[in-house]
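*Asks:* Residue numbers (the numbering used here), protein chains in the order written: chain E, 459 to 651; chain L, 459 to 651.
The beta carbon of each residue, even a glycine, is placed where N, CA and C say it ideally should be.
Before we start, here is the structure in question, set down as structure tokens.
2 protein chains.
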Amino acid sequence: MSKDRRIRRTQKLLAEALVSLALEKGYKNITIQEVTERADIGYRTYFRHYAGLDELLMDVAQSRLDEIYEILNIPPADTELEDPILFFYDVGKNLFQHIQENQTNFRFLLLDNNLRFVLEPIMKRARERTEGILSSLPRRNISPNLAANHIIASAFSLMRWWLDNDMPHPPERMGEIFTNLIVQPTWLAMMQE
Amino acid sequence: MSKDRRIRRTQKLLAEALVSLALEKGYKNITIQEVTERADIGYRTYFRHYAGLDELLMDVAQSRLDEIYEILNIPPADTELEDPILFFYDVGKNLFQHIQENQTNFRFLLLDNNLRFVLEPIMKRARERTEGILSSLPRRNISPNLAANHIIASAFSLMRWWLDNDMPHPPERMGEIFTNLIVQPTWLAMMQE
DNA sequence: TGCGATATGGCACTCAATATGCCATATTTT
DNA sequence: AAAATATGGCATATTGAGTGCCATATCGCA
Chain E
459 MSKDRRIRRT QKLLAEALVS LALEKGYKNI TIQEVTERAD IGYRTYFRHY
509 AGLDELLMDV AQSRLDEIYE ILNIPPADTE LEDPILFFYD VGKNLFQHIQ
559 ENQTNFRFLL LDNNLRFVLE PIMKRARERT EGILSSLPRR NISPNLAANH
609 IIASAFSLMR WWLDNDMPHP PERMGEIFTN LIVQPTWLAM MQE
Chain L
459 MSKDRRIRRT QKLLAEALVS LALEKGYKNI TIQEVTERAD IGYRTYFRHY
509 AGLDELLMDV AQSRLDEIYE ILNIPPADTE LEDPILFFYD VGKNLFQHIQ
559 ENQTNFRFLL LDNNLRFVLE PIMKRARERT EGILSSLPRR NISPNLAANH
609 IIASAFSLMR WWLDNDMPHP PERMGEIFTN LIVQPTWLAM MQE
């Protein structure tokens, strides 16, 4: 916990105001003034916490990311995975499960086109981790870098499709689709040909 | 050709200034003032052509899109394709070919994270056309809508990877990768299981 | 070629929003 | 209870968007 209760209160209110406003009108169309008004926090106070809107946004994104990493508990990069495909399936299933339980925040982060820049570092990290896993494959007609890029980008587009269509399948089914449509084919495309 | 030579001149200069500035500092960080200065066009004149920065951007995007449609010459939606997979391969190959020949404009449009909102209508159109093609398949364990979403989103991420890594493969090879990594597997995932 | 139409350029101005300094007040920590 | 710190409100500087006005330059067309 950070030191002062007032700080936690202020930042919590600002974060909630940002998310709700962005869901209503899009991140691009909201101002710091609006956020402070909805949060019922003095305009002047905002700048004692964040330099601009993007900083608050980054803070919100980091919090959601921390929660995700906590839940997925991905093993460190030098760990030997006994069944990588199963690993991806599990991660996918848990991921979709978590998103379902925190819809508001993930609709905000994933569906607003003006928030892509926030996801960039997150996707980069995921790509690097994935590339590490794929690099252990013997034959590689497609570079692990490209394959990792494909898996992560496709995973994000799958999450977007799912949220955009009001989650027509349960998380388990999404894990299967992720495996059958993305992971398994990438694996095969790297090996065969 | 649009009517007045002065109009064409002004809009051309503004478009070039926008692209070069956005490539240097990112679309998010440029102002109308900067664009008019670099284009050597009066600030006041800008608003006689576009209501804001986004409008000029849309104009640029639309021009590139028109060029692409011209080159790909996609048959109308009610056309029966004899070999859909081959169709996707050809489109992919020509697409990568065209991007290679117009790098500057496509780096600008595809790699700037703050330009995603411009691509949205373009991707929507591509998704709808693709969904139409996939809907003719008999067995469908995965909905044509989801499959189309996957193919188009993956195609865009593939283009991005290619530009970001300074085009390590020729367009023909990219067409193959598009087919082997994305189109063919999607086809199979829809049928089998 | 010349003329009416139209596009451009520059200036002054309003408006909206960011951003900061100052100080009184409220809340928290110890 | 006292010292430390966070907040709120006000005044103000700054930046960039957007507009009205009018003189000038360029264009299309007869």
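Which residue marks the beginning of the alpha helix (DSSP H) containing E/H556, and which one marks its end?
*Replies:* For the purposes of this step, residue 556 of chain E is identified with residue 98 of the first sequence, where counting begins at 1. Per DSSP, E/H556 belongs to the alpha helix (DSSP H) from 542-559.
*Asks:* Going straight from the alpha carbon of E/T503 to that of E/R496, what length do you get?
*Replies:* Taking the first sequence and counting its residues from 1, one reaches residue 503 of chain E at position 45. Taking the first sequence and counting its residues from 1, one reaches residue 496 of chain E at position 38. Taking the straight line from one Cα to the other gives about 14 Å.
*Asks:* Mind checking if E/I529 is an interface residue toward chain L, Cβ cutoff 8 Å exclusive?
*Replies:* Against the first sequence, residue 529 of chain E aligns to sequence position 71. Taking 8 Å as the threshold, the shortest C-beta distance from E/I529 to chain L does not fall below it.
*Asks:* Determine whether the Cβ of E/F575 lies closer than 8 Å to any Cβ atom of chain L.
*Replies:* What you label residue 575 of chain E is simply residue 117 of the first sequence in a count that begins at 1. At least one CB of chain L lies nearer than 8 Å to the CB of E/F575.
*Asks:* For chain L, check one thing: does any of its Cβ atoms lie closer than 8 Å to the Cβ of E/E586?
*Replies:* Taking the first residue of the first sequence as position 1, residue 586 of chain E is located at position 128. Not closer than 8 Å to any Cβ of chain L, the Cβ of E/E586 fails to qualify, so no.
*Asks:* Just to confirm before moving on: does the CB-CB distance between E/P629 and E/Q555 stay below 8 Å?
*Replies:* Numbered from 1 along the first sequence, position 171 holds the residue referred to as residue 629 of chain E. Numbered from 1 along the first sequence, position 97 holds the residue referred to as residue 555 of chain E. Yes, they are a contact pair.
*Asks:* Drop a sphere of 10 angstroms on the beta-carbon of L/F505, count the other beta-carbons inside from all chains shown, and report buried for 16 or more, exposed for fewer.
*Replies:* One-based indexing of the second sequence puts residue 505 of chain L at position 47. Exposed: under 16 other Cβ atoms inside 10 Å.
*Asks:* For a contact defined as C-beta to C-beta under 8 Å, what are the partners of E/T468 on chain L?
*Replies:* Taking the first sequence and counting its residues from 1, one reaches residue 468 of chain E at position 10. None at all; the shortest Cβ gap to chain L is about 27 Å.
*Asks:* Is the beta carbon of E/M581 sitting closer than 8 Å to the one on E/I610?
*Replies:* As a first step, residue 581 of chain E is located in the first sequence; it is residue number 123 there, counting from the start. As a first step, residue 610 of chain E is located in the first sequence; it is residue number 152 there, counting from the start. Yes, the pair counts as a contact, with Cβ atoms nearer than the cut-off.
*Asks:* Rounded to whole angstroms, how far is the Cβ of E/L621 from the Cβ of E/L568, which I believe are closer than 8 Å?
*Replies:* For the purposes of this step, residue 621 of chain E is taken as the residue at position 163 of the first sequence. For the purposes of this step, residue 568 of chain E is taken as the residue at position 110 of the first sequence. 6 Å between Cβ atoms; contact.
*Asks:* Which of the three DSSP states, helix, strand or coil, is assigned to L/E538?
*Replies:* Here residue 538 of chain L refers to the residue found at position 80 of the second sequence. The answer is coil: DSSP assigns L/E538 none of H, G, I, E or B.
*Asks:* Let me know if E/S612 comes out buried or exposed under the rule of 16 or more other beta-carbons within 10 Å of its beta-carbon.
*Replies:* Walking along the first sequence from the start, residue 612 of chain E turns up at place 154. Buried is the call here.
*Asks:* Under the rule that 16 or more other beta-carbon atoms within 10 Å means buried, what is E/T489, buried or exposed?
*Replies:* One-based indexing of the first sequence puts residue 489 of chain E at position 31. It is exposed - the Cβ of E/T489 has fewer than 16 other Cβ atoms within 10 Å.
*Asks:* Does the CB of E/W619 have a neighbour CB from chain L at under 8 Å?
*Replies:* Counting from 1 along the first sequence, the entry for residue 619 of chain E is found at position 161. Chain L, which has a Cβ nearer than 8 Å to the Cβ of E/W619, makes this yes.
*Asks:* Report the rounded CA-to-CA distance for L/R565 versus E/F614, giving the unit in angstroms.
*Replies:* Taking the first residue of the second sequence as position 1, residue 565 of chain L is located at position 107. Taking the first residue of the first sequence as position 1, residue 614 of chain E is located at position 156. About 21 Å.
*Asks:* Going along chain L in order, which residues have a C-beta closer than 7 Å to the C-beta of E/I600?
*Replies:* In the first sequence, counting from the first residue as 1, residue 600 of chain E sits at position 142. Within chain L, the residues placing a beta-carbon under 7 Å from that of E/I600 are I635, L639, ordered along the chain.
*Asks:* The region 490-510 of chain L: which residues have C-beta closer than 8 Å to a C-beta of chain E, in chain order?
*Replies:* none
*Asks:* State yes or no: is the beta carbon of L/N487 nearer than 8 Å to at least one beta carbon in chain E?
*Replies:* Position 29 of the second sequence, counting from 1, holds the residue named residue 487 of chain L. Not one chain E Cβ lies under 8 Å of L/N487.
*Asks:* Using a Cβ cut-off of 8 Å (strictly closer), state whether E/S615 contacts chain L.
*Replies:* Your numbering for residue 615 of chain E matches position 157 in the first sequence. Closer than 8 Å to some Cβ of chain L, the Cβ of E/S615 qualifies, so yes.
*Asks:* If you measure between the beta carbons of L/T637 and L/Y547, is that distance less than 8 Å?
*Replies:* Counting from 1 along the second sequence, the entry for residue 637 of chain L is found at position 179. Counting from 1 along the second sequence, the entry for residue 547 of chain L is found at position 89. Against a cut-off of 8 Å, the Cβ pair of L/Y547 and L/T637 comes out as a contact.
*Asks:* Of the residues that make up the region 518-544 of chain E, which ones have a beta carbon closer than 8 Å to any beta carbon in chain L?
*Replies:* none
*Asks:* Thinking just about the alpha-carbon of each residue, which of L/V576, L/E586, L/D570, L/G500 is nearest to the one in L/L514?
*Replies:* Sequence index remark: in the second sequence, residue 514 of chain L carries index 56 (1-based). Nearest of L/V576, L/E586, L/D570, L/G500 to L/L514, Cα basis: L/V576.
*Asks:* Report the three-state DSSP secondary structure of E/P628 (helix, strand or coil).
*Replies:* As a working mapping, residue 628 of chain E is identified with position 170 in the first sequence. Coil.
*Asks:* Quick one, which of E/L639, E/L511, E/V641, E/E578 has its alpha-carbon nearest E/L479's?
*Replies:* Within the first sequence, numbered from 1, the residue matching residue 479 of chain E stands at position 21. Checked all of E/L639, E/L511, E/V641, E/E578; the closest Cα to E/L479 is E/L511.
*Asks:* Which runs of the alpha helix (DSSP H) at least 4 residues long sit entirely within the region 475-507 of chain L? Give them in chain order.
*Replies:* 490-497, 501-504
*Asks:* List the residues of chain L that E/E474 touches, going by C-beta distances under 9 Å, in chain order.
*Replies:* Here residue 474 of chain E refers to the residue found at position 16 when the first sequence is read from its first residue. Those do not exist, as E/E474 stays about 25 Å from chain L at its closest Cβ, beyond 9 Å.
*Asks:* When the cut-off is 8 Å and only beta carbons count, does E/T644 lie next to chain L?
*Replies:* Residue numbering aside, residue 644 of chain E sits at position 186 when the first sequence is read from its first letter. Answer yes: the Cβ-Cβ gap between E/T644 and chain L drops below 8 Å somewhere.
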